[in-house]
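Taking it in order: structure first as structure tokens, then the write-up.
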Amino acid sequence: MIVDLLNRKIEELKELRRLESIKANKALQEATDLKYQAFVKEMHQAIDTVYYADKELGFIVSPDTKTQINGMLVAAQEVTKSGFADKDLLASAQTALKNTQNAIRKEWSSHFTIITSTTTSTLKAINAIDTERVSKCLSNINSAEIWGDDKDKLSNLKDALSEAKTLIQSLNLDDGIISFLTKMNAGQATINDLDEIVLDWIRKEGLESRIKLKFS
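Written out as structure tokens, the structure is:
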């Protein structure tokens with residue numbers, strides 16, 4: 762009788778452990794599923810942002826980075842190949858995504874400089890003429906300098922470059938005028954910089970009273 766009771770207790774403990782194991786595994790799987798959902802969302806956002814940058818801002822990733830993107834997509838598909846999200850395969854896919862994002866970030870840095878440097882320097886030169894519009898343009902341009910899978914920032918960058926182009930064209934600036942304004946902002950402009958083209962432009966824009974020279 763005691764033996765039977767002991768055997769029942771042992772079986773009950775085994776069943777309890779089995780149920781606890783199922784519960785623990787279920788909780789672990791649910792946690793993995795949530796991480797996988799977050800990963801898929803982040804991956805789609807990254808791809809969507811790259812597509813937008815390519816289409817709207819002429820950003821073309823290198824062949825090596827394209828290979829990384831394809832590898833990331835393959836790794837993502839492998840995660841649920843067995844029918845449920847695999848923890849280890851998810852970790853590999855997350856690493857692939859991180860490496861891809863780092864590669865894109867480096868390439869974007871160079872492209873950003875190419876598409877913004879001239880506009881930025883010109884905006885800084887004309888800052889005193891229309892401070893509010895220039896500041897807004899520069900803010901939206903600079904906010905997109907660091908790649909972060911944020912399509913809104915890229916959209917703002919596109920709009921800022923368009924706005925800056927409109928503003929600069931409306932001022933009828935040539936290289937000599939831009940050079941003069943740049944020197945003015947740096948406190949380096951002299952009478953020698955005031956040629957007829959610059960003087961005509963100053964009068965046309967009604968800026969005579971806003972430009973001041975001083976002895977150094």
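Each residue of the sequence shown is one higher than the one before, starting from 762 at the first, in our numbering.
Here a beta-carbon is modelled for each residue, glycine too, at the ideal position from N, C-alpha and C.
This one's a predicted model, so the numbers in the text were calculated from it and none came from an experiment.
Query, Result
"Is K885 helix, strand or coil when you go by DSSP?", "helix"
"Measuring CA to CA, which of S931, Y812, L974, L915 is closest to A950?", "L974"
"Quick check: the Cα distance between A925 and S896, rounded to an integer number of angstroms?", "10 Å"
"DSSP three-state call for T874: helix, strand or coil?", "helix"
"Thinking C-beta only, is L934 closer than 8 Å to L818?", "no"
"In three-state terms, what does DSSP make of A852?", "helix"
"Report all residues from its chain with a CB closer than 8 Å to the CB of I808; omit the five preceding and five following residues, and keep chain order.", "I830"
"What is the DSSP secondary structure of T967, counted as helix, strand or coil?", "It is Gly, not Thr, that sits at residue 967 in the sequence shown. In this structure, G967 counts as coil in the three-state DSSP scheme."
"Roughly how many angstroms lie between the CA atoms of N863 and N888, to the nearest whole one?", "34 Å"
"On the three-state DSSP scale, how would you describe V822?", "coil"
"Could you check if F820 is buried or exposed, using at least 16 other CB atoms within 10 Å of its CB as the buried criterion?", "buried"
"Pick helix, strand or coil for A857, following the three-state DSSP scheme.", "helix"
"Take the Cβ of N901 as the centre, count every other Cβ of all protein chains shown within 10 Å, and call the residue buried at 16 or more, exposed below.", "buried"
"State the DSSP-derived secondary structure class of E957, mapped to helix, strand or coil.", "helix"
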